[in-house]
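Notes follow once the structure below has been shown.
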Amino acid sequence: MVALDVVKHSNLQLKAANLPKVAVFVGGTSGIGQHTISELVETGVETRIYLIGRPSSSERANKQIATLKQINPSVEVVWLAGEVSLLADVKRICTEIQSKETTLDLLFMSTGVLPFNGRKETSEGLDPTFTLQHFSRMAFITHLLPLLRASTNGRVVSIKGGGLEKADIDVDDLELKKPGAYGAIRSQIQVIAMNTLVMEKFAEQEQDVTFVHTFPGQVNTGNNMTSDVAPNSLMHWAMRLVVGPLVKIIGLSPKESAQRHLFASTSALYGGRGVPTDLPGAMNTRGGNGPGLFLVNQYCDASMNEKVLGHLRETAQEKAWVYTQEALRPFL
Ligand SMILES: NC(=O)c1ccc[n+]([C@@H]2O[C@H](COP(=O)([O-])OP(=O)(O)OC[C@H]3O[C@@H](n4cnc5c(N)ncnc54)[C@H](OP(=O)(O)O)[C@@H]3O)[C@@H](O)[C@H]2O)c1
């Protein structure tokens, strides 16, 4: 565990040389993403943040931006509204960012919803849970890689379940389309493995970009109440009366989670670039200290999940990569 004091100290060391001068937050309108933006802004740094969220959140986002500007007038926050569950909209948003920026230091992605209400399909034929937590995130990476490469410290942070990969994913039905295959937990197992496997492939191709897949632990963001749950179902009341209160007691506060996610986004512990640290460099999934993919838990520890990943590399990585590329292809 990286002590919280070490995390806070590191975050206060953000300076021009290791600062994310340009950052894109997808899912920064609530929860861990929103709190991580606040932590970044509260350090007083001069930075430009692209805040991306659905149009229905525009009013909330504008209030959020006004508060951020009050806290730190030197920060610039650009609100880009779009349905990131649609890959065509991801392309439109990325084209806009590309037209304005020449480099990107941080791409931070935390969108998601827990699907207790069965598989659904967007107008593009993809399940929204899979899209928000995987396909759309991989599309953002693909579109923005040229900008990330152009940064001296390009970093991608995806928040889902890094280190929790399981060996028994269904490689022949990655999106769980077969009758009876789809389930809330099952979808998360698939998504977590696909995120890690595809990001590891990106990391192998991109020596100058660091990739981080975090598991935030249980964080009291209220995301249990925004799950896709049938109203008045048993799960609805379980979320409201059991899971929510339990997470409040045992979970990390959104502030601590955000401090730790800002650390994961900026510390040289992961990949050797960023805010210098006295700690021994964390190991990426290939056992090195340089750029690569880091699986980071809620306490900022990196793990290799070696046994499971070794198996998944043999059985699932190529399939997950090809499947993801096929899904993205019409929207590139
Ligand atoms: N919190 C936890 O305890 C926990 C534990 C393990 C894993 N995770 C994962 O970590 C990630 C972040 O969690 P969180 O607690 O910060 O989640 P959150 O508070 O629910 O925030 C999720 C973000 O996703 C956006 N979003 C949800 N549905 C959307 C849709 N249909 N289209 C576009 N955007 C949508 C939300 O936008 P709006 O602001 O517009 O609603 C919000 O910005 C999620 O993937 C979650 O599954 C969380």
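Residue numbers (our numbering): 1 to 332. The beta carbon of each residue, even a glycine, is placed where N, CA and C say it ideally should be.
Going by the beta-carbon positions, is the gap between residue 58 and residue 81 smaller than 8 Å? Taking the sequence shown and counting its residues from 1, one reaches residue 58 at position 58. Taking the sequence shown and counting its residues from 1, one reaches residue 81 at position 81. In contact: residue 58 and residue 81 (Cβ atoms closer than 8 Å).
Closest by CA to residue 150, which one among 124, 16, 104? Numbered from its first residue, the sequence shown carries residue 150 at position 150. It is 104 whose Cα lies nearest to the Cα of residue 150.
Within 10 angstroms of the Cβ of residue 71, are there 16 or more other Cβ atoms? Answer buried if so, exposed if not. For this step, residue 71 is matched to residue 71 along the sequence shown. Per the 10 Å Cβ criterion, exposed.
How is the alpha helix (DSSP H) around residue 51 delimited, first residue to last? To locate residue 51, count along the sequence shown from 1; it is residue 51. Not the alpha helix (DSSP H): residue 51 falls in the beta strand (DSSP E), residues 48-53.
Looking at ligand 1, does it come within less than 7 Å of residue 163, judged from the CB to the closest heavy atom? By 1-based counting over the sequence shown, the position of residue 163 is 163. Every heavy atom of ligand 1 is 7 Å or more from the Cβ of residue 163, so no.
Residue 142: first and last residue of the uninterrupted beta strand (DSSP E) it sits in: Within the sequence shown, numbered from 1, the residue matching residue 142 stands at position 142. Taken as a continuous stretch (DSSP letters only), residue 142 belongs to no beta strand (DSSP E), being part of the alpha helix (DSSP H) at 136-150.
Under the DSSP definition of a beta bridge, which residues are partnered with residue 77? To locate residue 77, count along the sequence shown from 1; it is residue 77. Beta-bridge pairing links residue 77 to 49.
Across the stretch 280-298 and the stretch 49-65, are there enough close Cβ pairs to call them in contact, namely three or more that are closer than 8 Å? no
Once DSSP output is grouped into helix, strand and coil, what is the label at residue 302? Counted from its first residue, the sequence shown places residue 302 at position 302. Residue 302 falls in the strand class under three-state DSSP.
Report yes if the C-beta distance between residue 331 and residue 90 is below 8 Å; otherwise report no. Translated into the one-based positions of the sequence shown, residue 331 becomes position 331. Translated into the one-based positions of the sequence shown, residue 90 becomes position 90. Against a cut-off of 8 Å, the Cβ pair of residue 90 and residue 331 comes out as a contact.
Any heavy atom of ligand 1 inside 7 Å of the beta-carbon of residue 223? Counted from its first residue, the sequence shown places residue 223 at position 223. Yes - ligand 1 has a heavy atom lying nearer than 7 Å to the Cβ of residue 223.
In three-state terms, what does DSSP make of residue 247? Taking the first residue of the sequence shown as 1, we reach residue 247 at position 247. Helix.
Please indicate yes or no: does the CB of residue 113 lie closer than 7 Å to some heavy atom of ligand 1? Mapped onto the sequence shown, residue 113 falls at position 113. Yes, the beta carbon of residue 113 sits closer than 7 Å to at least one heavy atom of ligand 1.
List in chain order: all unbroken alpha helix (DSSP H) runs of 4+ residues lying wholly within the stretch 244-293. 244-250, 254-266
Quick one: does the C-beta of residue 29 sit closer than 7 Å to a heavy atom of ligand 1? As a first step, residue 29 is located in the sequence shown; it is residue number 29 there, counting from the start. Within the cutoff, so yes.
First through last residue of the beta strand (DSSP E) which encompasses residue 109: Here residue 109 refers to the residue found at position 109 when the sequence shown is read from its first residue. Run containing residue 109: 106-109, per the beta strand (DSSP E) assignment.
Suppose contacts are defined by Cβ-Cβ distances below 8 Å. Is residue 190 in contact with residue 4 by that definition? Stepping through the sequence shown from its first residue, residue 190 is reached at position 190. Stepping through the sequence shown from its first residue, residue 4 is reached at position 4. No; because the gap between Cβ atoms is not below 8 Å, this pair is not in contact.
If you draw a straight line from the C-alpha of residue 47 to the C-alpha of residue 101, how long is it? Taking the sequence shown and counting its residues from 1, the one referred to as residue 47 is at position 47. Taking the sequence shown and counting its residues from 1, the one referred to as residue 101 is at position 101. Roughly 13 Å separates the two Cα atoms.
What does DSSP give as the partner residue(s) for residue 295 in the beta ladder? Taking the first residue of the sequence shown as 1, we reach residue 295 at position 295. In the DSSP output, where bridge partners are listed per residue, residue 295 has 213, 303.
Are residue 212 and residue 119 closer than 8 Å when you measure CB to CB? Residue 212 sits at position 212 when you count from the first residue of the sequence shown. Residue 119 sits at position 119 when you count from the first residue of the sequence shown. Taking 8 Å as the Cβ cut-off, residue 212 and residue 119 do not qualify as a contacting pair.
Contacting residues, own chain, Cβ-Cβ under 6 Å from residue 299 (five flanking each side not counted): If you number the sequence shown from 1, residue 299 lands on position 299. Excluding sequence neighbours, residue 299 sits near 1.
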